[in-house]
Amino acid sequence: FLYYGPAKERYEWAEINSYGALRKIICDLEAEDRNNPVMTGHCRLDAGLGQGSVALTPLVSEVHLTSVRFDFSGTPYTGRPVSDVKAYLINVNASCSMTADSGPGCMRLINTGMLNPNDMNGFMDRSILMYEFNEEFRTQTAHPEKSFLCYPNSGDTGMHTKLVIEGKIDGITYYWPISVGKDGSIARSCSYSYDILIRRKGVSDPDFLIEPKTIEIDLNIKPWNEKENYPVRF
247 FLYYGPAKER YEWAEINSYG ALRKIICDLE AEDRNNPVMT GHCRLDAGLG QGSVALTPLV
307 SEVHLTSVRF DFSGTPYTGR PVSDVKAYLI NVNASCSMTA DSGPGCMRLI NTGMLNPNDM
367 NGFMDRSILM YEFNEEFRTQ TAHPEKSFLC YPNSGDTGMH TKLVIEGKID GITYYWPISV
427 GKDGSIARSC SYSYDILIRR KGVSDPDFLI EPKTIEIDLN IKPWNEKENY PVRF
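If you read the sequence shown in the numbering used here, its first letter stands for residue 247, the second for the next number, and so on.
Below is the structure:
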């Protein structure tokens, strides 16, 4: 088993004497660096029978916001601007076993049901979970090309990780929540890329379901592949 990431405390490494003990070592999203994410990998070898190779992959998954557009054509509020627009993740799994196989569900949820300032205060880099637009929207398309990070979420608990677009119309705050992944399940080391077209006013709660006619989504799912593979010899 290989681990690449921030150094752990010496007592944590001292506790590892089996694969079961290794599974108990926990990584936290607050400590992740988007430019240098924690990566792990493992292989099985028979002693004395040559070399093996290990593919290291990130523990986190990426939620990539490619584009956002508001088009209220055909509604009574056609042409109304949308202000104070931001995008963020809620119901985020923020702890993960180093082996990423510690069972279904989530180990520690943050931003449960809403954007929680107390949870966000734990991050030195808040852009891991949130982005604020510095523009008022009318009909233009924004291409933020922003990525958020989260750990895998099987969705078994019903607390699906969601990408939320928030904005104000006539001073009233609306939310456009989108369940991330396929059937609410987020796999390790995948990139979920979204192009979003919003056609109606949103809902009053960021964790509500939204009517399909309100929003159009173009979703692409692909493996996270930041760099070309290269060998590391020991």
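Just so you know, even glycine gets a beta-carbon here, dropped at the ideal spot from N, CA and C. What you are looking at is a predicted structure, and each value in this text was computed from that prediction instead of being measured.
I need the boundaries of the alpha helix (DSSP H) containing residue i, first residue and last residue.
i      : result
Met344 : From DSSP, Met344 is part of no alpha helix (DSSP H); its letter is neither H nor E.
Met285 : Careful: Met285 lies outside any alpha helix (DSSP H), inside the beta strand (DSSP E) at Met285 to Gly287.
Asp365 : Pro363 to Met366
Expressed to the nearest angstrom, what Euclidean distance is found between the alpha-carbon atoms of residue i and residue j?
i      : j      : result
Asp429 : Ser264 : 34 Å
Ser307 : Asp292 : 32 Å
Pro398 : Val338 : 9 Å
Arg479 : Asp274 : The predicted model places Arg479 with a pLDDT of 41, which falls under 50 and marks its position as unreliable, so this point remains unresolved.
Ser435 : Trp470 : 5 Å
Leu268 : Pro252 : 16 Å
Thr315 : Ala340 : Residue 315 is actually Arg in this sequence, not Thr. Near 29 Å, if we compare the C-alpha coordinates of Ala340 and Arg315.
Glu370 : Arg280 : The displayed chain sequence assigns Met, not Glu, to residue 370. If I take the Cα positions, the gap works out to 12 Å.
Arg355 : Gly417 : According to the sequence shown, residue 355 is Leu rather than Arg. Approximately 30 Å, taken between the alpha carbons.
Pro350 : Gly401 : The pLDDT assigned to Pro350 is 49, lower than 50, so where the model puts this residue is not dependable, and the model offers no usable value.
Asp453 : Gly359 : 5 Å
Met353 : Glu278 : 16 Å
Arg290 : Ile432 : 26 Å
Phe383 : Glu457 : 21 Å
Ile444 : Gly287 : 40 Å
Please state whether DSSP places residue i in a helix, a strand or coil.
i      : result
Lys447 : coil
Gly413 : strand
Arg354 : coil
Pro469 : strand
Leu375 : coil
Tyr476 : The predicted position of Tyr476 is uncertain, since its pLDDT is 41 and thus under 50; a value taken from the coordinates is nonetheless stated next. Of the three classes helix, strand and coil, the one that applies to Tyr476 here is coil, per DSSP.
Leu268 : helix
Pro458 : helix
Leu335 : strand
Ala388 : strand
Leu291 : coil
Leu275 : helix
Ser400 : coil
Ser431 : strand
Tell me, please, which residues DSSP counts as bridged to residue i.
i      : result
Asp441 : Ser313 and Asp464
Glu308 : Leu395 and Ser437
Phe383 : Val328
Thr321 : Looking at the DSSP assignment, Thr321 forms no beta bridge with any residue, so it has no partner.
Over the uninterrupted beta strand (DSSP E) stretch that includes residue i, give me the two end residues.
i      : result
Met405 : Element bounds for Met405: n/a, residue is neither H nor E.
Tyr421 : Ile418 to Ser425
Leu248 : Leu248 to Tyr250
At a cut-off of 7 Å, would you count residue i as near the ligand GTP, judging by its Cβ distance to the nearest heavy atom?
i      : result
Ala340 : Questions concerning the ligand GTP fall outside what the structure shown contains, since it holds no ligand whatsoever.
Is there a Cβ of chain B sitting closer than 8 Å to that of residue i, yes or no?
i      : result
Lys459 : In summary, chain B is missing from the structure at hand, where a single protein chain is found.
Legend entry - At least 3 beta-carbon pairs within less than 8 Å: the stretch 409-423 vs the stretch 438-449: yes
Inset, instruction - State whether the stretch 323-341 contacts the stretch 376-390, with contact taken as three or more CB pairs (one from each stretch) at a distance under 8 Å. - result: yes
Legend entry - Touching by the beta-carbon criterion (3+ pairs, under 8 Å), the stretch 319-327 and the stretch 359-373: no
Inset, instruction - Answer yes if the stretch 382-393 comes into contact with the stretch 417-431, meaning at least three C-beta pairs across the two stretches below 8 Å, and no otherwise. - result: no
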